[in-house]
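One structure is given here, and the rest of the page talks about it.
In the numbering used here, the protein residues as written are -6 to 572.
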């Protein structure tokens, strides 16, 4: 019979006793994940009632400190309870260089919060520096789930609302915070790198963030990124409530299905409202002329006669575009792309930013666009279908925007990217390395070091490609590949005479016809060389109300054959019945 976890631990941090639960892996062995600031001499083990424990051949009966044990060493552990003895090991693992955040919810369990994303609980929070000094403690108004696809991972992201405003780790006083799990990024680097570089490049209101080791009700939850939240606030997006707004472009079906406040533009672009002193009608009246001008070939809104540069802020949009394109963000310009209007701006221009959500960037293997180096992510004509349009594709057809992008890349972004590759990436990886090893043990993720080297290679090749686009004017052909309405498209950059690098896998079903060329409506042959811009899409049979009789005939024929076989089998069985 399996014995429940027989030991509990307490780590003393800055004079406070922080409970830390032993964790048992699938092999049945135990691990004790200790925060950076804990000293082994101040970590105490206790045996659960009615359990006999022998650790490293020494009986453990009273609470003992762990000064005689070393980290990273599996110690033999014998546990006896109810007459049953089991053999295990216990390994002490300790993080290094990271603060630790200890959060206890009122129920003492995460079951309610994990049950559904909308559930919340209040609680208490203590935040310690990497040396174990208490930097903040106080009440938590609510802890709840957040995210979309990331919420369905085992390691879950959270929204944190304090009972009052607090300055956490020097990031400014605020009440609302985000705990990013980075479950799809084993390096733990992608969001941090993108946010920091965007801030250094000069993007307004870029969120600050810091890695922490998270403990929930005493249980180690892994390395998280404690981040500012994109919101209208003096320490965040510092614009007045009156006459201002903060929105993000998102998937339309997601906003509708989750009933978020939103504005839908004529192109189908969906804007989630995060904060606004304006009505939805006012937002539409501001946004629609800007979209019209951005998408218009001459850059002028036909209704108001205004030029696109009168309606949007050139530099912030160019920086938003550059950040997404440089890092190969699969959601660039579409999902989680933020925009704001400062009510104090006498020109009333829409600004792009702050940046957000880069865990699927830099060749992330969590998306089907993995390892796509020679591709355009924000600068593509369509996103999910041939009917939608992207703003940055429209802007990149305009010389003023294109020229400013080239200047900012050459003078600002490229030097920062070069510095990141030469020294910055190693500094980031070194800071989070030990914590990432613990996270890997807890969640079974891939190695952070291997993923860091993968990111280094990806960004090096990405910079060489973007040099060829923006500085060398290499004439690439664009091959836009649209999978379906649930998967963002990818736009390959192909030299004339080359073939498409790859087409994504799709499930072969009766209603899927295969890859088609959008211009010719003929099947697309991926083995043929490319000499012009091409759009390829996965063609399916139309919906029920659009299917022609000719398209139904093959299906109907199959159904008739099946019906005849069933009828014949039934008659055969009846013929075998006794008289």
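The beta carbon of each residue, even a glycine, is placed where N, CA and C say it ideally should be.
- Item | residue 414 to residue 448 span [Cα, whole Å] | Counted from its first residue, the chain shown places residue 414 at position 421. Counted from its first residue, the chain shown places residue 448 at position 455. Cα-Cα distance, rounded: 9 Å.
- Query: So what does residue 85 bridge to, in DSSP terms?
  - Reply: For the purposes of this step, residue 85 is identified with residue 92 of the chain shown, where counting begins at 1. DSSP output for residue 85 lists 25 and 64 as bridge partner(s).
- Same chain, Cβ closer than 6 Å to residue 211, neighbours up to 5 away in sequence not counted: Here residue 211 is taken as the residue at index 218 of the chain shown, counted from 1. Once the five neighbours on either side are set aside, the close Cβ partners of residue 211 are 12, 13 and 14.
- Message: Residues in the same chain with beta-carbon distance under 8 Å from residue 82, minus the five sequence neighbours each way, listed in chain order, please.
- Response: Residue mapping note: residue 82 aligns to position 89 of the chain shown, counting from 1. Excluding positions up to five away in sequence, the list reads 22, 23, 67, 68, 69 and 70.
- So who's on the other strand from residue 12, going by DSSP bridges? Mapped onto the chain shown, residue 12 falls at position 19. DSSP lists 3 as partners of residue 12.
- Item | DSSP-derived helix/strand/coil call for residue 59 | In the chain shown, the residue the question calls residue 59 occupies position 66. If DSSP states are grouped into helix, strand and coil, residue 59 belongs with coil.
- Message: Per the DSSP calculation, residue 242 is bridged to which residue(s)?
- Response: Residue mapping note: residue 242 aligns to position 249 of the chain shown, counting from 1. Its beta-bridge partners are 264 and 330.
- Task: Could you name the residues that DSSP lists as bridge partners for residue 37?
- Result: Within the chain shown, numbered from 1, the residue matching residue 37 stands at position 44. According to DSSP, which records beta bridges pairwise, residue 37 is partnered with 3 and 58.
- Message: Could you give the first and the last residue of the continuous alpha helix (DSSP H) run that contains residue 107?
- Response: On the chain shown, residue 107 is found 114 positions in, with the first residue counted as 1. Here the alpha helix (DSSP H) through residue 107 covers 104 to 108.
- Query: If we ignore side chains and look at the alpha-carbon of each, how far apart do residue 406 and residue 433 end up?
  - Reply: Along the chain shown, one-based indexing puts residue 406 at 413. Along the chain shown, one-based indexing puts residue 433 at 440. Residue 406 and residue 433: Cα-Cα distance of roughly 32 Å.
- What first and last residue would you give for the alpha helix (DSSP H) that runs through residue 640? This structure cannot settle anything about residue 640, because the visible part of the chain is limited to -6 through 572.
- Query: Sorted by chain position, which residues of the same chain lie with C-beta nearer than 8 Å to residue 139's C-beta, five sequence neighbours on each side aside?
  - Reply: Locating residue 139 in the chain shown gives position 146, counting from the first residue. If we look at residue 139 and ignore the five residues flanking it on each side, its Cβ neighbours are 110, 150, 151, 152 and 171.
- Message: Tell me the DSSP secondary structure of residue 143 in three-state form.
- Response: Counting from one through the chain shown, the residue named residue 143 turns up at place 150. Helix at residue 143.
- Three-pair Cβ contact test at 8 Å for the stretch 18 to 37 versus the stretch 56 to 63: yes
- Hey, quick one: how far does the beta strand (DSSP E) through residue 214 stretch, first residue to last? Position 221 of the chain shown, counted from the first residue, corresponds to residue 214. Its beta strand (DSSP E) spans residues 212 to 221.
- Along the chain, which unbroken stretches of the alpha helix (DSSP H) at least 4 residues long are found entirely within the stretch 307 to 358? 307 to 319
- Item | Inter-residue spacing [alpha-carbon to alpha-carbon] between residue 385 and residue 322 | Numbered from 1 along the chain shown, position 392 holds the residue referred to as residue 385. Numbered from 1 along the chain shown, position 329 holds the residue referred to as residue 322. The alpha-carbon atoms of residue 385 and residue 322 are separated by roughly 14 Å.
- Task: Grab me the residues of residue 180's own chain with a C-beta within less than 7 Å of its C-beta, minus the 5 sequence neighbours each way, in chain order.
- Result: Within the chain shown, numbered from 1, the residue matching residue 180 stands at position 187. Closer than 7 Å at the Cβ level, and outside the excluded window around residue 180, lie 441, 444, 445 and 448.
- Please go through the same chain and pick out, in chain order, the residues whose beta-carbon is closer than 8 Å to the beta-carbon of residue 99, but skip the five residues on each side of it. Sequence index remark: in the chain shown, residue 99 carries index 106 (1-based). The residues are 114, 115 and 116.
- Please work out which residues of its chain come closer than 6 Å, Cβ to Cβ, to residue 165, disregarding the five sequence neighbours upstream and downstream, and give them in chain order. Working through the chain shown from its first residue, we reach residue 165 at position 172. Hits under 6 Å: 228.
- Query: In terms of residue numbering, what span does the beta strand (DSSP E) encompassing residue 113 cover?
  - Reply: As a first step, residue 113 must be located in the chain shown, where it is residue number 120. Residues 113 to 121.
- Any idea if residue 87 is buried or exposed, counting beta-carbon neighbours within 10 angstroms, 16 or more meaning buried? The residue you call residue 87 lines up with position 94 of the chain shown. Per the 10 Å Cβ criterion, buried.
- Item | Cβ-Cβ separation, residue 420 to residue 216 (assumed contact under 8 Å), whole Å | Here residue 216 corresponds to residue number 223 of the chain shown, with the count starting at 1. Here residue 420 corresponds to residue number 427 of the chain shown, with the count starting at 1. At roughly 16 Å, the Cβ-Cβ gap does not stay under 8 Å, so residue 216 and residue 420 are not in contact.
- Presumed contact (8 Å Cβ cut-off) between residue 361 and residue 200, rounded CB distance: If you number the chain shown from 1, residue 361 lands on position 368. If you number the chain shown from 1, residue 200 lands on position 207. Their Cβ separation, rounded to whole angstroms, is 27 Å, which puts residue 361 and residue 200 out of contact at 8 Å.
- Which partner residues of residue 255 appear in the DSSP bridge assignment? Translated into positions along the chain shown, residue 255 becomes position 262. Looking at the DSSP assignment, residue 255 forms a beta bridge with 265.
- Nearest CA to the CA of residue 401: which residue from 369, 367, 459 and 427? Counted from its first residue, the chain shown places residue 401 at position 408. The candidate whose alpha carbon is nearest that of residue 401 is 459.
- Item | residue 238 to residue 305 span [Cα, whole Å] | The residue you call residue 238 lines up with position 245 of the chain shown. The residue you call residue 305 lines up with position 312 of the chain shown. Cα to Cα, residue 238 sits roughly 14 Å from residue 305.
- Task: Could you tell me which of 503, 494, 534 and 511 sits nearest to residue 521, measuring between CA atoms?
- Result: Numbered from its first residue, the chain shown carries residue 521 at position 528. Closest by alpha carbon: 494.
- Kindly provide the ranges of any beta strand (DSSP E) runs that are 3 or more residues long and lie completely inside the stretch 353 to 421, ordered along the chain. none
- Could you give the distance in angstroms between the alpha-carbon of residue 390 and the alpha-carbon of residue 214? Residue mapping note: residue 390 aligns to position 397 of the chain shown, counting from 1. Residue mapping note: residue 214 aligns to position 221 of the chain shown, counting from 1. Their backbone Cα atoms lie some 47 Å apart in a straight line.
- Measuring alpha carbon to alpha carbon, tell me which of 202, 207, 236 and 320 ends up nearest residue 222. Stepping through the chain shown from its first residue, residue 222 is reached at position 229. If we check each option's Cα against that of residue 222, 202 comes out closest.
- Query: Which word fits residue 514, buried or exposed, when buried means at least 16 other C-beta atoms lie within 10 angstroms of its C-beta?
  - Reply: For the purposes of this step, residue 514 is taken as residue 521 along the chain shown, with counting starting at 1. Exposed is the call here.
- Message: By the three-class DSSP mapping on this structure, what secondary structure does residue 183 have?
- Response: In the chain shown, residue 183 corresponds to position 190, counting from 1. Of the three classes helix, strand and coil, the one that applies to residue 183 here is helix, per DSSP.
- Item | Same chain, Cβ closer than 7 Å to residue 233, five either side skipped, listed in chain order | Translated into positions along the chain shown, residue 233 becomes position 240. For residue 233, where only same-chain residues beyond five positions count, the Cβ hits under 7 Å are 336 and 337.
- Message: For residue 375, tell me which candidate among 425, 17 and 482 has the shortest Cα-Cα distance.
- Response: Indexing the chain shown from 1 puts residue 375 at position 382. Residue 375 has its Cα closest to that of 482, out of 425, 17 and 482.
- Item | Where residue 348 falls, given that 16 or more other Cβ within 10 Å makes a residue buried | By 1-based counting over the chain shown, the position of residue 348 is 355. It counts as buried.
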